[in-house]
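Please read the structure below before turning to the comments.
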Amino acid sequence: MDRMQQVVGQARAAFNSGRSRALEFRMQQLKALKQMVQEKEKIILAAIRADLHKSEPNAYCHEILSLLGELALAMDKLKSWAAPQPVKKNLLTMRDEAYVFPEPLGVVLIIGAWNYPFALIIQPLIGAIAAGNAVVVKPSEISWNTSQLLADLLPQYLDQELYPVVTGGVSETTELLTQRFDHILYTGNSAVGKIVMAAAAKYLTPVTLELGGKSPCYIDTDCDLAVACRRITWGKYMNCGQTCIAPDYILCNPSIQSSVVENIKAALQEFYGEDVKSSPDYERVINKHHFRRILGLMEGQMIAHGGEVDEASCFIAPTILTDVSPESKVMEEEIFGPVLPIVTVNNVDEAIEFINRREKPLALYVFSNSKKLIKRVISETSSGGVTGNDVIMHYLLSTLPFGGVGNSGMGAYHGKHSFETFSHHRSCLIKDLKMESTNKLRYPPGSLKKVNWAKFFLLKRFNQGRVGLVVLVLLGIVAALVLKSHQSVLKRKALLIVLAVQRLGWLSV
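For the sequence shown, counting from 1, position 255 maps to 291 in the working numbering; every step adds exactly one.
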């Protein structure tokens, strides 16, 4: 038995033992995860700094603060999330118990990303644990320091059999994907997302793919440019542009392009000072491979600001490109770096057309004083999520599902949505063995009379609350008697009751 088979087999055996299903156990594991985050905060922040040159305040805000919020929410709501959810019943099931029961899927695989190497592992892990699953954790090997730290810390705090950590690169991940899982959540690019989905298809394993794409940002001429550009600058250049929902490019009218540039430059000065390279708040590109990839995207472009680079430290200054052609190389793929192209359009109609000609993005941003215009863009385009008059902030609201659509991914998580993603919503109907005469409607031999009664019970709706329910009970009894007896008197009584109820307005189709 090879290593991956052994790891997954051990996780499945642990899941089959049933211990992860108990709410007390889930709560215990979530509390242990919170304890880990709080007790090991300093070394977590140090690992993130080693990978991405990120300051402690930024690393805490980007990767720890939201996790503590997710943990608090999951622990507070777990009992209600995991409880059976009663559903409405029809006339034929009025006496039965009907509910949806969220049950664990089984063994889940979470494949993290390197740009937020701690949060993009722990956040889905919270939902998977809360839902009662076993989880195989695969951090990104590109963020090596954080990957090794996760492999060291998680076994110290969580059940080692239920929540193993697998480290390594492409070969280890490829081998891991040959195993059978009950759900896979992958965060990364579309090319690898297709590989993950193909591997999952072998076992009909459902997937959640958090991918990315070129998230557009339209700036209307009727807009406070100073505020808009400050917010765009924050979202674009945080983490050195290595954020899957960062604004990838700007669409605006040619008449405001120079003003947009000047306002972004002012915001950069405000955030990072005169010497961006020495600012503790400005990160670095993850490695030389991505450094060179980003430089390749800038070739031949008009640089309105920035452009300074240092390969030794993987530094690329915040850069703005103007008058960018829609056919240029920088507009072909997600930039995932500190380079912001501006493409000019004459109006919102052209902006909508431009967005719709391309793959559906993970996020879309619109800045305008007109809420009507913002809602028009929302209604006439498609994206994983939208924020109007800001960027990225929809990600931070746990009541909103976070996920992509089309080429930017499938499925969603965050908050309760994480719990639902990692749960099977099992339909449950429990009947008793009494009143068997009412079931004659569905038993052979068939008859027109049975069909008519079936129509009545399945197609009618009561609309008068408790009074309607009383009549419903009476009708059920009468129907049972009619089916049990062939006496014409009972048939006439049943018909009179139905007509009376309809006249009173208690029934509607």
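Beta carbons: idealized from backbone N, C-alpha and C, even for Gly.
Residue range of the alpha helix (DSSP H) that includes residue i
| i | result |
| --- | --- |
| phenylalanine 403 | Here phenylalanine 403 belongs to no alpha helix (DSSP H); instead the beta strand (DSSP E) covers 399-403. |
| leucine 31 | Because the chain here runs from 37 to 545, residue 31 falls outside it and cannot be looked at. |
| leucine 198 | Segment: none, leucine 198 is in no alpha helix (DSSP H) and carries neither H nor E. |
| valine 384 | 384-392 |
| leucine 409 | 407-416 |
| glutamate 106 | 101-118 |
| alanine 167 | From DSSP, alanine 167 is part of no alpha helix (DSSP H); its letter is neither H nor E. |
| glutamate 208 | 206-212 |
| valine 228 | 226-237 |
Cα-Cα separation, residue i to residue j
| i | j | result |
| --- | --- | --- |
| threonine 244 | serine 226 | 12 Å |
| aspartate 359 | valine 144 | 46 Å |
| tryptophan 489 | histidine 450 | 46 Å |
| alanine 49 | tyrosine 199 | 12 Å |
| glutamate 319 | glycine 277 | 9 Å |
| methionine 130 | serine 459 | 27 Å |
| serine 2 | leucine 240 | Only positions 37 to 545 of the chain appear in this structure, which leaves residue 2 out of reach. |
| proline 290 | leucine 101 | 40 Å |
| tyrosine 193 | alanine 68 | 6 Å |
| glycine 336 | lysine 250 | 20 Å |
| glutamate 395 | glycine 248 | 10 Å |
| threonine 474 | leucine 465 | 17 Å |
| isoleucine 300 | valine 379 | 15 Å |
| valine 44 | threonine 435 | 32 Å |
| valine 441 | alanine 399 | 10 Å |
| threonine 257 | alanine 110 | 42 Å |
| arginine 55 | alanine 237 | 29 Å |
| threonine 51 | arginine 216 | Note that residue 51 corresponds to phenylalanine in the displayed sequence, not to threonine. Using only the alpha carbons, I get a separation of about 14 Å. |
| alanine 58 | phenylalanine 455 | 15 Å |
| threonine 223 | alanine 47 | 22 Å |
| histidine 522 | glutamine 121 | The predicted model places histidine 522 with a pLDDT of 46, which falls under 50 and marks its position as unreliable; any figure quoted below should be read in that light. For histidine 522 and glutamine 121, the distance between alpha carbons rounds to 41 Å. |
| arginine 329 | glutamine 41 | 36 Å |
| proline 362 | valine 375 | 15 Å |
| asparagine 392 | glycine 373 | 23 Å |
| histidine 219 | proline 140 | 10 Å |
| valine 73 | leucine 331 | 36 Å |
| serine 415 | leucine 261 | 24 Å |
| leucine 103 | methionine 334 | 35 Å |
Residue range of the beta strand (DSSP E) that includes residue i
| i | result |
| --- | --- |
| proline 153 | No beta strand (DSSP E) holds proline 153; DSSP gives it neither H nor E. |
| cysteine 265 | Counting along the chain, cysteine 265 falls outside any beta strand (DSSP E), though it belongs to the alpha helix (DSSP H) covering 261-273. |
| proline 377 | 375-380 |
| threonine 355 | 355-358 |
| threonine 257 | It is not in any beta strand (DSSP E) - threonine 257 carries neither H nor E in the DSSP assignment. |
| glutamate 139 | 133-140 |
| glycine 421 | 421-424 |
| alanine 170 | 170-174 |
| valine 143 | 143-147 |
| glutamate 246 | 243-246 |
| leucine 221 | 219-223 |
Contacting residues, own chain, Cβ-Cβ under 6 Å from residue i (five flanking each side not counted)
| i | result |
| --- | --- |
| glycine 343 | Thr355 |
| alanine 235 | Leu213 |
| methionine 446 | Leu245 |
| arginine 39 | none |
| histidine 341 | Lys301 and Ile356 |
| alanine 164 | Val144, Val171 and Phe458 |
| leucine 81 | Glu92 and Ala95 |
| alanine 448 | Pro437, Phe438 and Gly439 |
Beta-carbon proximity list for residue i, same chain, < 8 Å, skipping 5 on both sides
| i | result |
| --- | --- |
| serine 524 | At serine 524, the pLDDT of 49 sits below 50, so the modelled position is not reliable and the matter cannot be decided from this model. |
| methionine 338 | Leu357, Thr358, Asp359 and Val360 |
| valine 173 | Ile146, Gly148, Ile157, Leu161, Leu186, Leu190, Tyr199, Pro200, Val201 and Val202 |
| phenylalanine 327 | Val321, Val345, Glu347, Cys350 and Ile352 |
Any non-hydrogen atom of the ligand PLP closer than 8 Å to residue i Cβ
| i | result |
| --- | --- |
| threonine 241 | Judged by which ligands are present, the structure shown has none, so any question about the ligand PLP falls away. |
Proximal residues to residue i (C-beta, below 7 Å), its chain only, five neighbours per side dropped
| i | result |
| --- | --- |
| glutamine 65 | Ile165, Leu194 and Asp195 |
| proline 316 | Ser91 |
| serine 463 | Val136 |
* **Runs of beta strand (DSSP E) lying entirely within the stretch 433-483, each at least 3 residues, in chain order** => 459-466
* Fully enclosed by the stretch 275-348, which beta strand (DSSP E) runs are 3 residues long or longer? -> 285-288 and 338-341
* For the stretch 48-95, list the alpha helix (DSSP H) runs that are entirely contained and at least 4 residues long, ordered along the chain. => 59-75, 77-88 and 92-95
* Is the stretch 186-204 in contact with the stretch 88-95, if contact means three or more CB pairs nearer than 8 Å? -> The answer is no - the stretch 88-95 does not touch the stretch 186-204, with fewer than three Cβ pairs under 8 Å.
* Can you find at least 3 beta carbon pairs, one from the stretch 278-289 and one from the stretch 366-379, that sit closer than 8 Å? -> yes
* Does the count of Cβ pairs from the stretch 420-437 and the stretch 123-142 closer than 8 Å reach three? -> no
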